[in-house]
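Undergrad: The opening position of the sequence shown corresponds to residue 10 in my numbering, with each subsequent residue numbered one higher.
Even glycine gets a Cβ: it sits at the ideal position worked out from N, Cα and C.
Before we start, here is the structure in question, set down as structure tokens.
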Amino acid sequence: MGVSTRVAAPANRAMTYDEFVRYLDETWVKHSVADTIRGYPFDELIDLLQRRGNPERGLSFVHVTGSKGKGSTATLIGAILTAHGLAAGTFTSPHLVRVEERIRVNGVPVDGERLATTMTSLIDLSRALHHEPRQIWRLFLIAALEMFCQDAIRVGAIEVGAGGRFDATNALDAPVACLTPVTLEHAPRLGTTPSEIAAQKVAIVKRGAICVTARQTPAVAAVIEAGVALAGGRLIQMGRDAGFALRASHPGGTQFDAWSPWSRFEGMDLGLLGAHQVENAGMALTAVECLLQRLGQRLNSDACRRALAQARWPGRLERLRQSPPLVYDGAHTPESARALADGLRVHFGDRRWTVIVGLVGRRDPRAFLEPLSGLAERVIAVPVPRFEQAAPSDIVRAARSLGLPADTADSAAEAVATSDGPTCVTGTLYVYDQIVRYTEATPR
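The structure is reproduced here in structure tokens:
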């Protein structure tokens, strides 16, 4: 999640969508979240919500955090709820091509012009109250809540932007929390160890809530268990209270079995690539079952089957071109790079890849590249526009230290254009739009 360093004056009238996008481009200059995690002005957010009529009231949602897979999990939760005939909203970040992707109703992004109108009103109000100008991300959250309220949305999934304890979404009261795998990220501001970071993330669990957690390291699991106990909640841990088993992987996705404390699902097809997505799907199934129980409803296995088979989540082990394969994956930690390497081997065999890498923030290029070194033929380092980032020259040095040929390109699209074999773009989600535009302009 990024923040702005300056704010242009909003229009006196509601901005059009194109004006709003230009406003964001001009003012939302993004920096590493490591520089911006701090005690959050929740009083300002609560005041804004009250002034807007408390649109969060009446909404029952699953609150999702973690170090990797939280967007996928939130999207799967939304899809399962929709398949049950419930109008469901999701709030995720970042957007990949269009800003309205952050707010979806029944899986479909909200209307861009409607978002621009709502955001103009919120920006005007925030400025009139002399609120912190760098907190525009919370206005997206309020816009989502307002649109959900207007559209009679009562269930959904909301993804934490970063961390948990001091994230804007933690002002909300969720009956179910979901924690995907917790690893070292955004250090040192979230913490200097996975356990310290887990303490930030488990703080989203509200009094008496249910917490569904992925398999964690013993140290992280102990922190999560203590945090849930402190909140007087119930902990459901994958691998202990619920679980999954991968049956098969194929070019179009995976097949798996899963179980919760109350249900068993066999031969489920998932339209997402990567074995790690199976655990996300297992958590989503259990989290939705918990939410429906709170609402006095039961989980329908046929609805779950339909939702997971049709699931799509762009930029996550996504095949953008068939031949030669062009794959995009937003992996940005060593752990997610290992999951990417496993996914490439499972779904594409023993190919050698041109790996195009851009890294945002204070990432260690060598630690990120090491899991990919066994399948990389060469590395091309690229910049990530408008972000604090690892210098492409540092990525090149790291790749060469691993014995890999490496060079730089001026953009990710330019790098793809120079590759005539299997190509994987990774390290960030923030060059996805470049690659999509390139593939649309140069179909094969």
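On the three-pair Cβ rule with 8 angstroms, is the stretch 328 to 348 touching the stretch 419 to 437?
TA: yes
Undergrad: Kindly give me the distance between the Cβ atoms of Asn115 and Thr84, rounded to whole angstroms, as I take these residues to be in contact under 8 angstroms.
TA: No, Asn115 and Thr84 are not in contact; Cβ-Cβ is about 12 angstroms, not under 8 angstroms.
Undergrad: Using a Cβ-Cβ cutoff of less than 6 angstroms, which residues in the same chain neighbour Val336 once the five nearest sequence positions on both sides are dropped?
TA: For Val336, where only same-chain residues beyond five positions count, the Cβ hits under 6 angstroms are Arg328, Cys433.
Undergrad: Going by DSSP, what residues sit across from Cys187 in a beta bridge?
TA: Val73, Val221
Undergrad: Return the CA-CA distance between Phe265 and Arg361, expressed in angstroms with no decimal places.
TA: 28 angstroms
Undergrad: What's the C-alpha gap between Ala348 and Ile151?
TA: 34 angstroms
Undergrad: What's the C-alpha gap between Asn63 and Ala399?
TA: If you take the alpha carbons of Asn63 and Ala399, they lie about 41 angstroms apart.
Undergrad: Given this structure, state the Cα-to-Cα distance separating Thr363 from Leu411, to the nearest angstrom.
TA: 15 angstroms
Undergrad: Within the continuous alpha helix (DSSP H) that includes Tyr439, where are the two ends?
TA: Unbroken run through Tyr439: none, as it is neither H nor E.
Undergrad: Got a sec, what are the start and stop residues for the beta strand (DSSP E) Trp268 sits in?
TA: 262 to 268
Undergrad: Quick one: Cα of Arg22 to Cα of Val119, how far?
TA: Approximately 21 angstroms between the Cα atoms of the pair.
Undergrad: Which whole runs of the alpha helix (DSSP H) in the stretch 122 to 183 are 4 residues long or more, in chain order?
TA: 145 to 159
Undergrad: Whether or not the stretch 292 to 308 and the stretch 388 to 395 are in contact is what I'm after, with contact meaning three or more pairs of Cβ atoms, one per stretch, closer than 8 angstroms; do they touch?
TA: no
Undergrad: Hey, Phe70 and Ala153 are a contact pair by Cβ (cut 8 angstroms); roughly how many whole angstroms apart?
TA: Between Ala153 and Phe70 the Cβ distance is about 10 angstroms, and since that is not below 8 angstroms, they are no contact.
Undergrad: Does the distance from the C-beta atom of Ile213 to that of Gln225 stay below 8 angstroms?
TA: no
Undergrad: Using 8 angstroms as the Cβ pair cut-off and three pairs as the minimum, do the stretch 277 to 287 and the stretch 255 to 263 touch?
TA: Yes, the stretch 277 to 287 is in contact with the stretch 255 to 263.
Undergrad: Is Ala426 close to chain B, meaning its C-beta is less than 8 angstroms from at least one C-beta of that chain?
TA: Absence of chain B from the displayed structure is noted, only one protein chain being present.
Undergrad: Buried or exposed for Arg455, going by 16 or more other Cβ atoms inside 10 Å?
TA: Past the edges of the chain, shown from 10 to 453, lies residue 455, and the structure says nothing about it.
Undergrad: Name the residue from Cys187, Gly200, Ile365 whose alpha carbon lies nearest to the alpha carbon of Val440.
TA: Ile365
Undergrad: Tell me whether the stretch 378 to 391 and the stretch 400 to 408 touch, counting them as touching only if at least three CB pairs, one residue from each stretch, are closer than 8 angstroms.
TA: As far as the Cβ criterion goes, the stretch 378 to 391 touches the stretch 400 to 408, which means the pair count is three or higher.
Undergrad: Would you call Val185 buried or exposed, if buried means 16 or more other Cβ atoms sit within 10 Å of its Cβ?
TA: buried
Undergrad: Going by DSSP, what residues sit across from Met247 in a beta bridge?
TA: Ala251
Undergrad: So, do the stretch 130 to 141 and the stretch 51 to 63 have three or more beta carbon pairs nearer to each other than 8 angstroms?
TA: yes
Undergrad: Determine, using beta carbons only, whether Ala235 and Gly291 come nearer to each other than 8 angstroms.
TA: no
Undergrad: Answer with buried or exposed for Pro414, where buried requires no fewer than 16 other C-beta atoms within 10 angstroms of its C-beta.
TA: exposed
Undergrad: Taking the alpha-carbon of Glu205 as reference, which of Phe253, Ala238, Ser76 has the nearest alpha-carbon?
TA: Checked all of Phe253, Ala238, Ser76; the closest Cα to Glu205 is Ser76.
Undergrad: Please classify Gly271 as buried or exposed, where buried requires at least 16 neighbouring CB atoms within 10 angstroms.
TA: For clarity, residue 271 is Trp in the given sequence; the question names Gly instead. Exposed: under 16 other Cβ atoms inside 10 Å.
Undergrad: Taking just the CA atoms, how far does Glu28 sit from Asp44?
TA: With a pLDDT of 46 at Asp44, under the threshold of 50, the modelled position of this residue cannot be trusted; read the value that follows with caution. If I take the Cα positions, the gap works out to 28 angstroms.
Undergrad: Count the other CB atoms, across all protein chains shown, that sit within 10 Å of the CB of Asp160; report buried if there are 16 or more and exposed otherwise.
TA: exposed
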